[in-house]
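Structure first, commentary second.
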């Protein structure tokens, strides 16, 4: 058990896996100042807020994760979904374009851009 407290991100992930989202958020908020420059932490926190359907709170975490590592395709995919949930079409397209800069053959990003540009 000591290992989880030496690795708080692991503890947050475990809480999420167990479906204890509110506990994961509480723990994450208590650790945020220590991990404010940790891409993985920001990704985890954005993800848990997205899981509880709070795209507005998820977005700043994904924005920070993007600043720390703009080459993370999975983070960009979730950030795209957050922008879509917030009806931010242009920002979602931008995320897809970032994905395509990393992975030019990403069919999901190509398809989504096509769909969004038709709206």
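Residue numbers (my numbering): 217 to 335.
Backbone N, C-alpha and C fix where the C-beta goes; we use that ideal spot for every residue, glycine too.
Between the CA atoms of residue j and residue i - distance to the nearest angstrom
| i | j | result |
| --- | --- | --- |
| residue 313 | residue 325 | 7 Å |
| residue 293 | residue 237 | 21 Å |
| residue 254 | residue 233 | 20 Å |
| residue 371 | residue 333 | Given a span of 217 to 335 for the chain in the structure shown, any question on residue 371 remains unanswerable. |
| residue 273 | residue 262 | 7 Å |
| residue 230 | residue 321 | 33 Å |
| residue 277 | residue 288 | 14 Å |
| residue 258 | residue 246 | 13 Å |
| residue 310 | residue 328 | 11 Å |
| residue 336 | residue 308 | Outside the displayed span of the chain (217 to 335) sits residue 336, for which this structure offers no information. |
| residue 248 | residue 223 | 14 Å |
| residue 291 | residue 260 | 10 Å |
Buried versus exposed, by CB contacts within 10 Å (16 or more), residue i
| i | result |
| --- | --- |
| residue 318 | exposed |
| residue 323 | exposed |
| residue 305 | exposed |
| residue 244 | buried |
| residue 227 | buried |
| residue 235 | exposed |
| residue 295 | buried |
| residue 335 | exposed |
Assumed close pair residue i, residue j - CB separation to whole angstroms, cut-off 8 Å
| i | j | result |
| --- | --- | --- |
| residue 275 | residue 298 | 5 Å |
| residue 264 | residue 240 | 5 Å |
| residue 225 | residue 256 | 6 Å |
- Decide if the region 282–289 is in contact with the region 261–270; the criterion is three or more beta carbon pairs, one per stretch, under 8 Å apart. Contact fails: fewer than three Cβ-Cβ distances are below 8 Å.
- Message: So within the region 228–291, which uninterrupted alpha helix (DSSP H) runs reach at least 4 residues, ignoring any that extend past its ends?
- Response: The region 228–291 contains these whole alpha helix (DSSP H) runs: 237–247, 255–267, 271–284.
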